[in-house]
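S.K.: Mind looking over this structure? Questions follow.
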Amino acid sequence: MAEISEFVAFRFKVNLYNSDQSSLLCSGYFSEVTGFEATMEPKVIAEGGHNWGEHHRSGPTKFAPIILKRGVTDINDLWSWFDITTSQANYGYRLSGEIIVFGNPSVSGGNVTDNAVLVWKLSGVLPTKFKGPDLSATASQVAIEELHLVHQGLELQRPAPASTQGRGAA
0 MAEISEFVAF
10 RFKVNLYNSD
20 QSSLLCSGYF
30 SEVTGFEATM
40 EPKVIAEGGH
50 NWGEHHRSGP
60 TKFAPIILKR
70 GVTDINDLWS
80 WFDITTSQAN
90 YGYRLSGEII
100 VFGNPSVSGG
110 NVTDNAVLVW
120 KLSGVLPTKF
130 KGPDLSATAS
140 QVAIEELHLV
150 HQGLELQRPA
160 PASTQGRGAA
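The numbering of the sequence shown is numbering that gives the first Met the number 0, which starts it at 0 and goes up by one.
In structure tokens, the structure reads:
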């Protein structure tokens with residue numbers, strides 16, 4: 000599967016882990032990822048005798064679903080997770096996840112290596128929609144057309160530049 004990331008069409012790698020991130024349960028490459036959105040609804044507080052404006056405090060944050068499109072992975076893992084979540088009467092097996100955004104691959108000595116520029120961490124991930132490709136004997140389709148994921152938290156991390164990775168702190 001490592002060779003797939005070299006193609007420009009698959010520049011996003013998705014890893015899904017058990018909730019304590021001790022073991023990788025599924026990994027795949029996708030050509031499109033949407034839904035990186037967080038919205039905070041402020042609480043409005045009116046103060047007696049203060050007639051010019053309101054006070055705003057931070058309120059609850061809502062996250063949009065992450066939508067993965069046109070992916071290649073071991074489809075059995077994702078389907079099993081979706082099936083367990085939807086057929087187990089209100090039991091949802093939540094995972095942790097990360098979406099790695101690759102920049103241009105670097106080439107050294109004939110070897111192509113991926114260059115991660117951003118990593119989005121997700122917590123409490125739950126699948127809500129699984130869409131496979133249309134089957135046709137004359138077409139070559141990807142393994143997954145769409146996968147919708149809801150989550151309970153989103154965090155952006157920037158990997159250390161390649162020139163500083165592997166060096167000890169001075």
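A virtual CB, placed ideally from N, CA and C, is assigned to each residue, including glycine.
Taking Gln156 as part of the beta strand (DSSP E), name the residues at either end of that continuous run.
M.R.: Working through the sequence shown from its first residue, we reach residue 156 at position 157. Start and end: 152-156.
S.K.: The beta strand (DSSP E) with His147 in it runs from where to where?
M.R.: Within the sequence shown, numbered from 1, the residue matching residue 147 stands at position 148. Note, His147: beta strand (DSSP E), 143-149.
S.K.: Could you compute how far the alpha carbon of Trp80 sits from the alpha carbon of Ala159?
M.R.: Numbered from its first residue, the sequence shown carries residue 80 at position 81. Numbered from its first residue, the sequence shown carries residue 159 at position 160. In a straight line, the C-alpha of Trp80 is about 32 Å away from that of Ala159.
S.K.: How big is the Cα-Cα spacing for Leu23 and Asp76?
M.R.: Position 24 of the sequence shown, counting from 1, holds the residue named residue 23. Position 77 of the sequence shown, counting from 1, holds the residue named residue 76. Each residue's alpha carbon lies about 11 Å from the other.
S.K.: Can you grab the Cα-Cα spacing for the pair Leu125 / Ala115, in whole Å?
M.R.: Position 126 of the sequence shown holds residue 125. Position 116 of the sequence shown holds residue 115. About 25 Å.
S.K.: Between which two residues does the beta strand (DSSP E) holding Gly204 run?
M.R.: What the structure shows of the chain is the stretch from 0 to 169, and residue 204 is not part of that stretch, so it cannot be assessed.
S.K.: Quick check on the burial criterion: 16 or more other C-beta atoms within 10 angstroms. Buried or exposed for His55?
M.R.: The residue given as residue 55 occupies position 56 in the sequence shown. Classification for His55: exposed.
S.K.: For Ser26, which residues from the same chain have a beta carbon less than 6 Å from its beta carbon, with the 5 sequence-adjacent residues on both sides left out?
M.R.: Position 27 of the sequence shown, counted from the first residue, corresponds to residue 26. Excluding sequence neighbours, Ser26 sits near Asn14.
S.K.: Going by beta carbon distance, what residues of the same chain come within less than 6 Å of Gly96, once the five residues before and after it are set aside?
M.R.: Residue numbering aside, residue 96 sits at position 97 when the sequence shown is read from its first letter. Hits under 6 Å: Leu15, Leu121, Val124.
S.K.: On the three-pair Cβ rule with 8 Å, is the region 127-136 touching the region 31-45?
M.R.: Cβ pair count under 8 Å is below three, so no.
S.K.: Does DSSP put Ser95 in a helix, a strand or coil?
M.R.: Taking the first residue of the sequence shown as position 1, residue 95 is located at position 96. The answer is strand: DSSP assigns Ser95 an E or B state.
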